[in-house]
Every structure is written in structure tokens, then in C-alpha cells.
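What follows is a single structure, written as C-alpha cells, with notes after it.
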Amino acid sequence: MGTQHPLNTIGKPVAKVDGRELVTGKARFTADMKLPGMVYGYQARSGVPSAKLLAIDTEKARRSDGVLDVFTAEDIPGPNLIGILPPFDQPVMADKEIRYAGETIALVVGETREQAKQGARKISPSYQVLTPILTVDDALKENARKIHPQGNITFSKELIKGDARKGLEDADVVVTGTYETSFQEHAYLEPEAVCAVPHGDNRITIYASCQSPFHLRGHIANNLGVPATRVKVVQAYTGGSFGGKDDVAVEIGILAGTAALKLNRPVMISHEREESIKGSNVRHAARIEYTTGAKKDGTLTARVAKVYLDGGAYASESPFVTMKALIHAAGPYVVDNVSVEVTTVYTNKTYAGAFRGFGVPQVTFASESQMDELAKELGMDPLALREKNGLKAGDLTATSQSYDSSVGFLETVRAIRTVRDRFTVEKNDDRYVYGTGVASLLQGISNGAEGVDVVGASVQMSQDGSVLVGCGLTELGQGSRTVFAQIASEVLGCNMDRVVVRQVDTDSVHDSGPTVASRTTTVGGMAVKKAAEQVAGSLKKMASLMFKIDEEHIELKEGFAVLKQDTNASIPLSEVATAAYWTGFPLMNLAFSQAPPVDYDHDTHQGDIYLAYNFGTHLMKVQIDTYTGEVRVLHHAAAHDVGRVVNPLGVTGQIEGASLIGYGLAHLERIEYADGIIRNPNFADYAVPSIKDRLPTETILIEDPTPNGPFGAKGVGEPPVAGAAAAFANAVADATGHRFRNLPVTREDITSVFRKEA
Amino acid sequence: MNIYFTCNGKQISLDVDPGIRVLDLLRDVLNLYGTKEGCGRGECGACTILMDGKAVNACLMYASKLDGREVLTIEGIEGEDGALHPVQESFLEEGAIQCGFCTPGMVLSTKALLDELPEPDTKEIEEALSGNMCRCTGYAKIIKAVEKSAERLQEKS
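In the order they appear, the protein sequences are chains W and H. Heads up, the first sequence is in our numbering, so the first residue is 12 and it goes up one at a time. Heads up, the second sequence is in our numbering, so the first residue is 33 and it goes up one at a time.
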């Protein structure tokens with residue numbers, strides 16, 4: 012831990028540092044900006060899932076009331092190409108081929124948004140319509156039309172540990188099944204928006220509702236044909252993202268930027284809900300063929316999974332989602348023999364990409380369904396089976412990585428057993444049946460061997476002792492600014508209200524990579540801690556001169572430099588900071604946190620990958636109305652090993668919120684397609700959980716600190732999605748006696764089982 | 033057409049296109065950006081305002097309907113001295129805010145509820161907020177915030 016004295020701020024519940032401007036409505040989101048001369052862009056979309064684009068007639072649109080200009084692919088100054096991992100495959104606007112029905116074909120700019128929209132309706136494309144490829148099976152057929160020149164496989168990876176075939180031969184019991192999950196929409200409350208503002212000095216500022224400003228800057232500059240440093244991306248207050256405001260923010264950032272430079276006026280693009288659903292990425296739908304073998308005593312001998320992810324029209328984050336699914340498919344268990352193959356496939360549907368959980372919820376649903384099916388075959392208690400095989404410190408994960416500490420998995424299982432023991436078993440009656448389901452999971456924290464984990468943070472103290480923190484990772488509602496403020500406050504011994512964590516703009520903070528992978532508290536927090544420690548060093552050095560005593564006798568606490576031996580002897584930090592300034596001790600530092608080096612084999616997927624895992628076990632207790640299929644969740648418990656709680660209010664909020672997204676995935680939410688067109692692009696037809704659907708979540712926090720996170724903290728933003736979804740499926744199976752292998756398990760699915768029985 | 037109404041305690045007289053939405057009038061004409069647009073179809077509640085004390089969706093109403101009415105937006109519920117309204121304080125304290133985009137609507141729906149039912153039970157809270165979507169919090173802390181708001185307002189009265 013390295014911290015001797017009790018912590019002052021870490022672990023205490025604190026209100027969001029940016030909460031006041033949000034609760035008063037004063038926070039300006041992107042669409043709340045109004046600038047002199049500002050005009051509005053609206054995208055014309057393809058409307059067909061697959062076609063050769065022969066020509067676009069823009070004349071009628073140009074003559075439409077209030078329309079100033081129309082832009083098509085050829086107007087993009089740069090390569091008209093975006094993506095996450097090179098070689099990029101996604102045009103900003105379709106040029107030759109249409110690959111999904113929501114694809115942008117033109118941008119119409121008008122004096123008002125309504126005029127731009129009316130103009131966009133008058134865009135008239137000529138197509139040679141192609142038969143769309145709408146399923147993974149069709150895409151993988153030998154003679155299938157190629158959606159992209161290289162074929163229809165986006166990405167395919169295989170993980171091999173031990174000898175899975177032999178492991179299955181050695182098993183006494185083998186269970187096997189095929190599991191499917193559906194496309195899920197992020198449904199953040201704020202639709203995507205950007206505002207591009209050209210400046211006289213050849214620079215352009217892009218205000219954006221976005222997740223990863225440097226990712227935007229790179230792509231926007233490249234497609235505008237200007238050096239990156241001519242583009243400044245400012246992350247405005249962002250109304251939720253969950254992985255969804257990367258690709259689409261890049262796309263509309265480039266569109267608005269292109270128009271702004273040509274017209275020399277600020278250009279706003281703010282999406283309507285329907286555009287948001289049709290034109291931005293979703294969670295991958297999955298089909299998972301899973302087999303598990305075990306000895307009679309429950310010891311797992313092998314796990315074999317073949318996973319197909321429907322990635323839609325473009326790669327987006329598919330390479331990394333593929334990898335996450337691969338690494339997590341075997342679950343939080345010691346399994347000597349593992350074989351996992353994950354293949355992501357192109358289809359003519361809205362592209363799939365990052366969404367909270369990133370491939371883990373899908374494979375966890377399959378893996379945990381298998382664990383329950385196995386427990387049933389073995390006549391074993393589901394929790395006992397998980398406990399028997401659960402990872403402990405020193406054990407090898409599916410990639411054969413071991414951790415000396417911070418493997419609190421078994422504590423989560425035991426905590427959930429205690430919860431389960433509290434309840435009596437309800438008796439089924441004519442109408443209602445009851446069931447309890449558990450599910451365990453792990454989720455890698457950090458990009459790890461998938462990418463890089465360098466995060467830069469700056470901390471400066473002014474002469475009055477107030478503190479400014481900057482970090483390249485973004486606030487999306489999850490509370491990162493609050494966590495960073497707590498960490499700076501803890502290290503510098505100043506009160507929280509003396510700390511400001513600035514909004515992110517690419518001029519002022521170091522490129523810290525994307526705000527993903529539940530890594531913000533862990534990797535970002537570590538950078539803030541390091542930067543703050545350097546400033547604290549200057550303060551202690553100064554205080555040591557002022558007290559005329561060695562530094563080791565001084566601590567920074569509650570706004571003062573204090574003598575440890577005599578806490579009455581104290582100097583306000585403002586005086587220490589002022590003296591340090593006049594003495595020439597640095598009061599600002601830029602520090603980097605870097606994950607420990609990894610040793611990873613990208614062919615077999617064996618080796619060290621993540622700097623830590625979050626472990627969890629969930630329980631759901633349900634009552635099902637066999638007449639109507641209505642499911643009432645009577646209790647939900649979520650136990651997670653979070654390393655160290657930084658802000659109890661924030662961590663429980665993350666677990667409650669992520670769990671409800673998992674519940675939506677498992678029970679309510681599904682993007683419906685008909686002939687490649689989304690049929691439910693609104694909140695009347697796409698069921699986002701309402702307050703009536705909320706879960707009665709009991710959060711249990713296990714603290715097994717990691718040396719790789721600030722004060723031991725590990726992220727928890729994503730993991731509960733998988734736990735809640737899988738526990739729901741197992742609870743429904745327990746209640747109904749029927750194993751549903753497709754998510755969502757809807758009310759109709761449930762009633763159809765009872766109808767058959769009747 | 034000319035309309036006269038009260039907005040956040042101020043008398044407003046405007047010549048407006050009667051066909052524009054109240055949402056656009058508030059945001060584009062009166063610069064009250066705390067009222068958010070999340071769906072434009074009355075399905076998410078981000079644009080909730082109070083009209084004559086009742087929570088309504090500003091995206092579903094034409095500006096002409098404001099004539100003679102009393103409107104309250106998020107900008108109008110703070111105290112004179114800038115102090116937070118007890119509902120706002122409770123949302124902040126209970127961690128009922130994450131991204132904050134739904135928050136103004138949530139706060140106003142809560143105020144409408146508590147003005148009518150000072151001691152609501154959970155079902156009544158659910159009913160009153162069922163038109164306000166939140167994708168971040170999972171709603172548990174929002175329920176707590178409403179309960180805390182009720183207590184605070186009771187103490188005050």
C-alpha cells in the first residue's frame with residue numbers, strides 16, 4: 012500500500028465534483044452551444060443495407076429552403092477512412108458501396124437543423140441494389156459475396172491452453188450447448204453531437220460528446236488533411252457513452268469539420284434518437300457453441316468454446332472485442348485445458364463495436380449457463396461447483412497468467428452464499444414459480460497486451476494552495492473526475508473543494524489513449540497519484556526548510572503541512588506553496604502511469620495480459636408469473652472484488668447501473684431487423700429499462716488490493732453487466748425448469764414454454 | 033402569434049411561430065438549455081418541465097399552448113441566493129446523478145410529485161418517474177434521492 016496513515020478521502024462517500032452544474036442544468040452539453048453564425052448539418056443515410064452506389068443527385072437538396080451546401084464522399088479532403096485498428100475499413104461517407112442501411116451518404120448543411128433535415132430528405136442516390144448478407148452463416152458460406160475486399164471474416168483468434176481434446180476424454184461428465192445473444196443499443200440519454208468551429212489561425216476546434224478525444228483528433232486531422240495539432244478536440248459534458256461515442260463521434264466530427272472549413276462558419280451536428288440508433292455501433296450479437304468437461308467431484312477438465320460474433324458492416328472495435336471474448340470465455344476458473352476460437356464476421360447491418368463489457372457479457376452468459384448445466388448433471392450445488400474451481404492467488408488463468416494478490420474471487424462466491432442462505436425457498440403455486448440463479452465472472456482491467464496503457468496526468472498547485480488536475484481520460488458520468496479529485500486530495504493533503512479536475516481537451520492534456528476497459532480509476536488514477544506525489548515532494552521539501560526539520564517528520568493533511576510529532580505545529584499549504592514558488596521548487600508535474608511490461612504470445616494467447624482482473628459473483632432471485640411471463644426480480648446481489656473502494660457512492664452506482672444494462676440484455680433489449688432495416692429505432696419499440704424495471708441490487712464490495720492501482724483500486728465499470736445478465740438467465744432456468752439459451756429471454760419466450768406444458 | 037406566460041417567475045410576452053415546440057422555444061428563444069432533448073417523441077423525459085405544476089414533456093407541446101400558463105424549468109427551482117432546491121441537494125448527496133443528462137427532468141418530475149404527494153410510497157415514486165429514463169444509475173439511487181427529498185421538504189414545512 013505504501014500509505015502508513017489512515018486515508019482521509021479515499022474510501023469516503025463523496026458527491027460528484029461535477030454534480031452541481033449537472034443538477035442545476037448549467038452544464039453545457041454539446042447541443043447546448045449556440046455560436047454566432049452557427050449552422051446545422053444533417054446526414055442523408057443510405058436507407059438500404061447493401062448496394063453499389065452509382066451516383067448521388069444533390070441538386071434538389073441544394074435548392075431546398077435554407078440549405079447552404081451539400082457534401083459527399085469526394086468532398087472529404089483526406090482519405091475518407093476511419094476505424095480503430097489499421098488497416099481502416101470504414102468510409103466517413105459511403106463512396107462506392109453501401110454496407111448498412113444507416114450509412115451516411117451525404118451531409119446537408121442548412122441555416123437551421125430542420126432546414127438541413129428537409130434538404131437531406133431530397134438527396135437522391137442511384138443504387139444497384141445487392142442482396143444483403145444478414146446472418147453470420149450466410150456471410151461464412153464459401154461462395155458468399157465479399158462485403159469487404161478481404162472477405163467476410165473481420166477477425167479470428169484462437170486461444171490454446173493445454174490439450175482440450177484430452178481434457179474432454181478425461182471427463183466423467185460433459186455438457187454442451189449453443190447460446191445466442193442479440194444486438195444491444197447503448198441508449199445513452201444524450202444523442203451524439205459535435206460542433207466544429209473554424210478559427211482564423213488555421214486551427215479548428217471540435218466540441219464533442221465523446222469518449223476518447225485523441226482518437227477523434229487523429230482521425231479528424233487525417234481526414235481534413237491537416238496536421239493533428241491544428242485540431243483541438245474539447246470533450247463537452249457527455250451524456251453517457253458506455254463505449255458508444257467513439258466511432259460515431261469521429262464520423263460526425265469529420266463531417267462537421269469538413270463543412271466548417273469550407274463554409275468558414277461553426278457547424279453543429281446533433282443527432283435525433285432514430286439516427287443515434289441506426290447510425291452508431293451496437294453490442295455484437297453472438298452465437299457460442301460451448302462444451303465443458305468435469306470429473307465426478309466437479310473438477311473442470313476442459314472448456315471448449317467456438318464463438319461467432321456478428322460485427323455488422325465495419326470492423327470498429329471488433330478486433331479487441333474478439334480478443335476480450337477469447338480471453339474471458341473460460342470464466343474465473345482454474346482449467347488446465349482450454350480451447351477457444353472467436354470469429355467476428357461482417358454482415359450488412361449496423362456495425363458492432365465497444366459496449367460496456369466488450370464481449371465478456373456474451374461469453375459469460377454461455378460459460379455460466381454451462382456451469383449450472385454441469386452442476387445439475389453432477390447433482391452439485393452451483394455455488395459449490397464455482398468455489399471448487401475458482402481462481403485463487405497464484406493460480407493460472409486461461410492465458411496462464413498468475414497474480415500474487417488481488418484475486419478476491421472466492422470471497423465473492425462466499426459472500427453470495429451468505430446472501431443465499433438468508434432466504435427461504437419459496438413454494439411454487441398454480442400461477443407463480445420461483446427460482447434463484449448465480450453467475451460468476453472475471454473482467455480484465457486495462458488494455459493490457461491488447462494495446463497500450465500509458466496515461467498522462469498533470470497536477471499543479473497554485474500559490475494559494477488550490478489544485479488543478481488534468482488527465483487524458485474522460486468523464487462520461489462514471490465519476491472519473493471525482494475519483495481523480497479524491498486521489499489528488501489524498502496525496503496533497505488538501506480538501507476536496509480545493510481541487511479542480513479540468514475537462515479534457517487535446518491541447519492541454521497528454522494523449523492517454525481511449526477511456527475504455529474499466530481502466531480509468533486504475534491506470535488514470537495511478538497517473539494522477541504519481542503527478543500529485545511529485546508536487547507533494549516539493550511541498551514537503553519546502554516545509555522541511557520552513558520547519559528546519561527533515562522531510563520525514565512532515566505530513567500534508569487537511570490543508571496544512573504538519574509536524575507528525577506535534578500536530579499543533581502546522582503551516583497552511585498556501586504559505587508552503589507560495590514559498591515553494593519563490594524558492595523555485597516545481598509546483599506542477601506531468602506524470603505517466605504505465606502498466607508493467609507484458610509477455611504475451613499473440614498466436615496461442617498465452618502469457619500475461621491484464622494488470623488485474625475484477626472478479627464477481629451475482630445472485631438473482633426471481634418470481635415468474637406463468638400466465639403472463641412477467642419476471643419479478645425479488646433480490647439481486649452483486650459481489651465484486653474492486654481492490655480498494657475509492658468512492659463508495661461511485662462504485663455502488665457503477666455496479667447498480669451496469670447491472671441494469673445486463674438485465675436489459677438478458678430480458679428486455681433487442682435490436683430488431685427486417686431485411687437489414689432496424690424496425691425499432693426509438694424508445695417506444697426498443698425497451699430500455701425504466702424505473703419500474705430497476706433491480707433491487709445489494710452491492711457487496713470485496714477489497715483485495717492490487718499493487719497496480721492507486722491505493723489498490725481496480726475498475727468496476729464493465730464487469731457487472733456480465734454478472735447480472737448471466738445470473739438472470741440462470742434464475743429463470745431454475746424457476747421454469749427450462750434452459751433458455753438465447754438472450755433476451757423475453758416474457759413471450761417464458762409464456763410459450765408454459766403454454767406448451769399446458 | 034403573441035403569447036403571454038410566466039416562466040420561472042418572470043412574465044414573458046413573445047411573438048412566436050405557434051408551430052414550434054415548447055422545447056425549442058425554451059432552448060433557442062429563452063436560452064434555457066437545462067431542458068434537454070433525448071428522443072423528441074415523449075419517450076425519455078429528458079425535456080420534462082412543469083406547466084401549472086404538472087410534469088409535461090416539452091418536446092410534445094406546441095408553443096401556442098403556453099399562453100396563459102405558468103412554466104417552471106430547472107433554471108427556476110434554485111433559491112434566490114443560488115442555494116440548491118432540496119430535491120437537487122438530495123440527488124447530489126445520494127449519488128443519483130451520473131452523466132446528468134436526465135437529471136433536470138428527473139428533478140422536475142420529483143418536484144411535481146412531492147408538491148402533490150409529500151409522502152409518496154415507492155409505487156407512487158415509480159409511477160411519477162416512469163416517464164423519465166436514466167441509462168446510467170440503475171435508478172436505485174434515484175429512488176433514494178426522492179425519498180430523501182421528501183424528508184427534507186417535510187422538515188422545511
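We put the beta carbon where it would ideally sit given N, CA and C, even for glycine.
Inset, instruction - Please classify Gln412(W): is it buried, with 16 or more other beta-carbons within 10 angstroms of its beta-carbon, or exposed? - result: Residue 412(W) sits at position 401 when you count from the first residue of the first sequence. Answer is buried; the Cβ neighbour count reaches 16.
Legend entry - Buried or exposed (CB count within 10 angstroms, at least 16 for buried), Gln15(W): The sequence position of residue 15(W) within the first sequence is 4, counting from 1. Only weak support is given to the placement of Gln15(W): the predicted model assigns it a pLDDT of 48, under 50, and the value that follows is read from those uncertain coordinates. Classification of Gln15(W): exposed, given that the 10 Å Cβ count is below 16.
Legend entry - chain W within 9 Å of Thr135(H), Cβ atoms only: Taking the first residue of the second sequence as 1, we reach residue 135(H) at position 103. Thr135(H) counts as touching chain W.
Inset, instruction - Assign Met33(H) to buried or exposed, taking buried as 16 or more other Cβ atoms, counted over all protein chains shown, within 10 Å of its Cβ. - result: Walking along the second sequence from the start, residue 33(H) turns up at place 1. Label assigned to Met33(H): exposed.
Legend entry - Proximity of Glu379(W) and Ser451(W) at Cβ, strictly below 9 Å: Indexing the first sequence from 1 puts residue 379(W) at position 368. Indexing the first sequence from 1 puts residue 451(W) at position 440. Contact: yes.
Inset, instruction - Please report how far the alpha carbon of Gly448(W) lies from the alpha carbon of Ser500(W), in whole angstroms. - result: Locating residue 448(W) in the first sequence gives position 437, where the first residue counts as 1. Locating residue 500(W) in the first sequence gives position 489, where the first residue counts as 1. If I take the Cα positions, the gap works out to 41 Å.
Inset, instruction - Tell me where the beta strand (DSSP E) around Gly770(W) begins and ends. - result: A query on residue 770(W) cannot be resolved here, the shown segment of chain W reaching from 12 to 769 and no further.
Inset, instruction - In angstroms with no decimal places, state the Cα-to-Cα distance between Gly459(W) and Asn719(W). - result: Translated into the one-based positions of the first sequence, residue 459(W) becomes position 448. Translated into the one-based positions of the first sequence, residue 719(W) becomes position 708. If you take the alpha carbons of Gly459(W) and Asn719(W), they lie about 12 Å apart.
Legend entry - In DSSP terms, what Phe331(W) is bridged to: Locating residue 331(W) in the first sequence gives position 320, where the first residue counts as 1. Beta-bridge partners of Phe331(W) (DSSP): none assigned.
Legend entry - Whole-angstrom distance between Thr615(W) and Pro97(W), CA atom to CA atom: Mapped onto the first sequence, residue 97(W) falls at position 86. Mapped onto the first sequence, residue 615(W) falls at position 604. Just so you know, the alpha carbons of Pro97(W) and Thr615(W) end up roughly 22 Å apart.
Legend entry - Cβ-Cβ distance between Ser457(W) and Pro716(W) below 9 Å: Locating residue 457(W) in the first sequence gives position 446, where the first residue counts as 1. Locating residue 716(W) in the first sequence gives position 705, where the first residue counts as 1. Not a contact, by the Cβ cut-off of 9 Å.
Inset, instruction - Provide the residue(s) that pair with Met472(W) in DSSP beta bridges, ordered along the chain. - result: In the first sequence, counting from the first residue as 1, residue 472(W) sits at position 461. In DSSP, Met472(W) forms a bridge with Val478(W).
Legend entry - Neighbour flag for Lys107(W) against chain H, beta carbons, 9 Å: As a first step, residue 107(W) must be located in the first sequence, where it is residue number 96. No, because no Cβ of chain H sits closer than 9 Å to the Cβ of Lys107(W).
Legend entry - Rounded separation between Leu712(W) and Leu311(W) - CA only: Start at 1 with the first residue of the first sequence, and residue 712(W) comes out as number 701. Start at 1 with the first residue of the first sequence, and residue 311(W) comes out as number 300. Whole-angstrom Cα-Cα distance: 27 Å.
Inset, instruction - Return helix, strand or coil for Gly13(W), following the three-state DSSP convention. - result: As a first step, residue 13(W) must be located in the first sequence, where it is residue number 2. Because the pLDDT of Gly13(W) is 40, which lies under 50, any placement of that residue in the model is unreliable, and the number read from its coordinates should be weighed accordingly. If DSSP states are grouped into helix, strand and coil, Gly13(W) belongs with coil.
Inset, instruction - To the nearest angstrom, report how far apart Asp257(W) and Val546(W) are at their CA atoms. - result: By one-based count along the first sequence, residue 257(W) stands at place 246. By one-based count along the first sequence, residue 546(W) stands at place 535. Our two residues, Asp257(W) and Val546(W), have alpha carbons roughly 33 Å apart in a direct line.
Inset, instruction - Check whether the Cβ of Phe253(W) lies closer than 9 Å to any Cβ atom in chain H. - result: For the purposes of this step, residue 253(W) is taken as residue 242 along the first sequence, with counting starting at 1. Yes, Phe253(W) counts as interfacial toward chain H.
Legend entry - Same chain, Cβ closer than 6 Å to Met12(W), five either side skipped, listed in chain order: Your numbering for residue 12(W) matches position 1 in the first sequence. Caution applies to Met12(W), whose pLDDT of 37 falls short of 50 and renders its modelled position unreliable; the value that the coordinates give is listed next. The answer is none, since no qualifying residue turns up.
Inset, instruction - Indicate whether at least one CB of chain H lies closer than 9 Å to the CB of Thr361(W). - result: The residue given as residue 361(W) occupies position 350 in the first sequence. By the rule that beta-carbons nearer than 9 Å mark a contact, Thr361(W) does not touch chain H.
Inset, instruction - Consider the Cβ of Lys173(H): report whether some Cβ of chain W lies at a distance smaller than 9 Å. - result: Within the second sequence, residue 173(H) is the residue found at index 141, counting from 1. Closer than 9 Å to some Cβ of chain W, the Cβ of Lys173(H) qualifies, so yes.
Inset, instruction - Taking Ser162(H) as the query, report the chain W residues whose CB atoms sit under 8 Å from its CB, ordered along the chain. - result: As a first step, residue 162(H) must be located in the second sequence, where it is residue number 130. Chain W residues near Ser162(H): Ser701, Ile702, Lys703.
Legend entry - 9 Å Cβ cutoff met for Ile682(W) and Val727(W): Taking the first sequence and counting its residues from 1, one reaches residue 682(W) at position 671. Taking the first sequence and counting its residues from 1, one reaches residue 727(W) at position 716. For Ile682(W) and Val727(W), no; Cβs fall outside 9 Å.
Legend entry - As assigned by DSSP and simplified to three states, the class of Cys91(H): What you label residue 91(H) is simply residue 59 of the second sequence in a count that begins at 1. In this structure, Cys91(H) counts as helix in the three-state DSSP scheme.
Inset, instruction - In angstroms with no decimal places, state the Cα-to-Cα distance between Met104(W) and Ala84(W). - result: Here residue 104(W) refers to the residue found at position 93 when the first sequence is read from its first residue. Here residue 84(W) refers to the residue found at position 73 when the first sequence is read from its first residue. One C-alpha to the other measures close to 5 Å.
Legend entry - Distance, Val534(W) Cα to Ala316(W) Cα: Position 305 of the first sequence, counting from 1, holds the residue named residue 316(W). Position 523 of the first sequence, counting from 1, holds the residue named residue 534(W). When rounded, the distance between both Cα atoms is 31 Å.
Inset, instruction - Taking only the alpha-carbon atoms, compute the straight-line gap between His678(W) and Asp321(W) and give it to the nearest angstrom. - result: Counting from one through the first sequence, the residue named residue 678(W) turns up at place 667. Counting from one through the first sequence, the residue named residue 321(W) turns up at place 310. So the two alpha carbons sit approximately 20 Å from each other.
Inset, instruction - Quick one: give me the first and last residue of the alpha helix (DSSP H) that Ile129(H) is part of. - result: As a working mapping, residue 129(H) is identified with position 97 in the second sequence. Per DSSP, Ile129(H) belongs to no alpha helix (DSSP H) and is neither H nor E.
Inset, instruction - For Gln222(W), count neighbouring C-beta atoms within 10 Å of its own C-beta (all shown protein chains included) and say buried if the count is 16 or more, exposed if not. - result: Mapped onto the first sequence, residue 222(W) falls at position 211. Buried.
Legend entry - Proximity of Ala426(W) and Gln373(W) at Cβ, strictly below 9 Å: Working through the first sequence from its first residue, we reach residue 426(W) at position 415. Working through the first sequence from its first residue, we reach residue 373(W) at position 362. For the 9 Å CB-CB criterion, Ala426(W) and Gln373(W) do not form a contact.
Inset, instruction - Consult DSSP for Ala324(W) and reduce its assignment to one of helix, strand or coil. - result: Mapped onto the first sequence, residue 324(W) falls at position 313. Residue state, collapsed to three classes: coil.
Inset, instruction - Examine chain H for any beta-carbon lying closer than 9 Å to the beta-carbon of Val115(W), and answer yes or no. - result: Start at 1 with the first residue of the first sequence, and residue 115(W) comes out as number 104. The sequence as given places Thr at residue 115(W); Val does not occur at that position. It does not: the Cβ of Thr115(W) has no partner Cβ on chain H nearer than 9 Å.
Legend entry - Candidates Glu714(W), Met334(W), Ala733(W): closest to Lys725(W) by CA position: Residue mapping note: residue 725(W) aligns to position 714 of the first sequence, counting from 1. Out of Glu714(W), Met334(W), Ala733(W), Glu714(W) has the C-alpha closest to the C-alpha of Lys725(W).
Legend entry - Integer Cβ distance of His282(W) from Glu203(W), believed to fall under 8 Å: For this step, residue 282(W) is matched to residue 271 along the first sequence. For this step, residue 203(W) is matched to residue 192 along the first sequence. Contact between His282(W) and Glu203(W) is confirmed by a C-beta separation of about 5 Å, below the 8 Å threshold.
Inset, instruction - Leaving out five residues on either side along the sequence, give the residues of the same chain with a beta carbon under 6 Å from the beta carbon of Glu351(W). - result: Within the first sequence, the letter at position 340 stands for residue 351(W). The sequence given here has Val at residue 351(W), not Glu. Closer than 6 Å at Cβ, skipping near neighbours: Leu170, Ala316, Leu337, Ala340.
Inset, instruction - Identify whether Met631(W) lies in helix, strand or coil by the three-state DSSP scheme. - result: By one-based count along the first sequence, residue 631(W) stands at place 620. Strand, per DSSP.
Legend entry - Cβ of Tyr2(W) within 9 Å of any chain H Cβ: In the structure as shown, chain W starts at 12 and stops at 769, and residue 2(W) therefore has no counterpart that could be examined.
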